[in-house]
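Asks: Residue numbers (the numbering used here), protein chains in the order written: chain A, 1 to 286; chain B, 287 to 366. The following block contains the structure, expressed as structure tokens.
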Amino acid sequence: MEVKVLEHKPNFLRLRLKGVPLPLLNAVRRACFTDVPVMAIDIVEFFENNTVLYDEIIAHRLGLIPLTSEEALEKYDPPEKCRNAPLGDPKCYVVFKLEVETGPNEYRVVYSGDMESSDPSVKPLYDNIPIVIMAPNQSLRLQAYARLGYGREHAKWMPVSIAAHKYLPVLHFDLEGKECEECLKCIESFLPELAKKMRDQVRGSIEILEDINTSAIYWCTVKRCGDCAKLEYREGDYLLKIETTGALPAKVVLFKAIEAIKRKTQKLLEELFELRKQGLQEGGRG
Amino acid sequence: MLVEDGRRAIGELAMIIPIRCFTCGTPIAQYWDEFVKRVSQGEDPKKVLDDLGIHRYCCRKMLLTHVPLIKEVIKFRRIL
Numbered sequence: 001m002e003v004k005v006l007e008h009k010p011n012f013l014r015l016r017l018k019g020v021p022l023p024l025l026n027a028v029r030r031a032c033f034t035d036v037p038v039m040a041i042d043i044v045e046f047f048e049n050n051t052v053l054y055d056e057i058i059a060h061r062l063g064l065i066p067l068t069s070e071e072a073l074e075k076y077d078p079p080e081k082c083r084n085a086p087l088g089d090p091k092c093y094v095v096f097k098l099e100v101e102t103g104p105n106e107y108r109v110v111y112s113g114d115m116e117s118s119d120p121s122v123k124p125l126y127d128n129i130p131i132v133i134m135a136p137n138q139s140l141r142l143q144a145y146a147r148l149g150y151g152r153e154h155a156k157w158m159p160v161s162i163a164a165h166k167y168l169p170v171l172h173f174d175l176e177g178k179e180c181e182e183c184l185k186c187i188e189s190f191l192p193e194l195a196k197k198m199r200d201q202v203r204g205s206i207e208i209l210e211d212i213n214t215s216a217i218y219w220c221t222v223k224r225c226g227d228c229a230k231l232e233y234r235e236g237d238y239l240l241k242i243e244t245t246g247a248l249p250a251k252v253v254l255f256k257a258i259e260a261i262k263r264k265t266q267k268l269l270e271e272l273f274e275l276r277k278q279g280l281q282e283g284g285r286g
Numbered sequence: 287m288l289v290e291d292g293r294r295a296i297g298e299l300a301m302i303i304p305i306r307c308f309t310c311g312t313p314i315a316q317y318w319d320e321f322v323k324r325v326s327q328g329e330d331p332k333k334v335l336d337d338l339g340i341h342r343y344c345c346r347k348m349l350l351t352h353v354p355l356i357k358e359v360i361k362f363r364r365i366l
């Protein structure tokens with residue numbers, strides 16, 4: 001197994017993985033969506049709201065605001081433990097307060113930065129997300145409770161916006177002594193650098209590690225290239241791309257996803273062991 | 287509702303700029319103020335979106351086609 005980091009920014013990660021079974025890689029990818037907890041506002045209590053947006057709409061908008069949750073993962077109980085916790089339990093919930101009033105001639109945009117958090121480590125990732133626009137003589141008073149949750153429950157708890165894998169595209173080409181101008185022109189029209197490389201090398205193969213769509217190259221190779229060039233999607237060699245919403249860094253999301261899979265397989269093994277033990281006991285009795 | 291030139295816009299589905307992209311779930315509302323400011327100053331929306339780092343067309347359509355209907359509705363008193 002070979003893992004190489006191709007690109008690493010706080011909210012973006014691209015890896016090349018060699019010799020990894022595809023089902024395992026897909027499990028990691030799917031765990032990124034569904035099994036990594038993040039913070040999101042879940043319950044909202046409205047005391048006063050006469051803005052043009054209804055309570056439900058504002059509650060929905062609040063829920064979608066990404067909250068910084070890296071520290072919260074250690075600080076707060078996981079969603080399983082909080083299922084029956086009372087509202088406002090300090091081990092489970094972060095409380096947000098929002099109180100805005102407008103004067104007789106005042107129009108005002110309420111931003112996510114106007115919310116006061118009970119825990120400074122859990123706060124809106126961006127301060128300039130508009131929540132609602134208020135007309136004169138309106139007021140909005142609410143209290144919101146954020147908790148950790150899983151993406152399988154609601155999309156607002158998904159830490160990633162994109163987690164995708166694909167086979168590594170490899171372009172094989174041999175331009176020597178053939179009529180390949182049409183092929184090169186086709187590729188040049190959207191990837192001039194790649195076409196230049198092909199012209200320089202004349203023959204060989206290029207691994208396309210950049211984050212680009214290769215369906216257009218595939219079209220060129222099938223329709224325009226004949227035996228000049230061929231695009232191979234190499235088995236056992238994968239590119240994994242993760243882009244987070246910002247609530248957690250991409251690296252943390254990946255590690256947490258792997259942890260989640262480990263935890264689940266461990267649980268499966270334990271259950272199997274229990275069943276086997278029961279089976280042996282019953283078999284002995286019979 | 288129809289936009290000025292008669293097209294129907296995806297943006298009319300929402301009264302106020304949606305917080306996340308409908309398709310991929312990336313937060314996009316934080317770019318709204320800057321986007322509106324720069325486009326109304328006459329900049330090309332394509333360039334603004336590129337500068338903001340919104341590269342997928344699903345997210346670009348959210349800002350590009352949004353019609354802030356809340357500005358029309360806000361004139362009326364709430365009935366409920």
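Note that beta-carbon positions come from the ideal geometry of N, C-alpha and C, so glycine has one too.
If we count Cβ pairs, one from each stretch, closer than 8 Å, do we get three or more for the segment 149-168 of chain A versus the segment 192-206 of chain A?
Replies: No, they do not touch.
Asks: Look up residue 88 of chain A in the DSSP assignment and say whether it is helix, strand or coil.
Replies: coil
Asks: Let me know the secondary structure DSSP gives residue 327 of chain B once reduced to three states.
Replies: Coil.
Asks: So is residue 316 of chain B buried or exposed if we call it buried at 16+ other beta carbons inside 10 Å?
Replies: buried
Asks: Output yes if chain A places a C-beta closer than 8 Å to the C-beta of residue 340 of chain B; else output no.
Replies: no
Asks: Using a Cβ cut-off of 8 Å (strictly closer), state whether residue 328 of chain B contacts chain A.
Replies: Using a CB distance cut-off of 8 Å, residue 328 of chain B does not count as an interface residue toward chain A.
Asks: So what does DSSP say about residue 190 of chain A, is it helix, strand or coil?
Replies: coil
Asks: Do residue 17 of chain A and residue 3 of chain A come within 8 Å of each other at the CB atom, strictly closer than that value?
Replies: yes
Asks: Run down chain B in chain order and give the residues with a C-beta less than 7 Å from the C-beta of residue 61 of chain A.
Replies: Neighbours of residue 61 of chain A on chain B, chain order: 305.
Asks: Under 8 Å between C-beta atoms, does residue 351 of chain B make it to chain A?
Replies: no
Asks: Using alpha carbons as the reference points, say which of A:38, A:271, A:269 lies closest to residue 293 of chain A.
Replies: No information on residue 293 of chain A is available, as it lies outside the stretch 1 to 286 that chain A covers here.
Asks: How many Å lie between residue 308 of chain B and residue 274 of chain A at the Cα?
Replies: 44 Å
Asks: Following the continuous alpha helix (DSSP H) through residue 60 of chain A, name the residue where it begins and the one where it ends.
Replies: 55-64
Asks: State the Cα-Cα distance for the pair residue 46 of chain A and residue 142 of chain A, rounded to the nearest angstrom.
Replies: Their backbone Cα atoms lie some 4 Å apart in a straight line.
Asks: With a threshold of 6 Å on Cβ separation, who are the neighbours of residue 225 of chain A within its own chain once the five nearest residues in sequence on each side are excluded?
Replies: 183
Asks: Check the Cβ of residue 150 of chain A against every Cβ in chain B and list those closer than 8 Å, keeping chain order.
Replies: Counting only Cβ-Cβ distances below 8 Å, residue 150 of chain A has no contacts in chain B at all, with the closest Cβ about 15 Å away.
Asks: DSSP beta-bridge partners for residue 39 of chain A?
Replies: A:148
Asks: Give a yes or no on whether the minimum CB-CB distance between residue 346 of chain B and chain A is below 8 Å.
Replies: no
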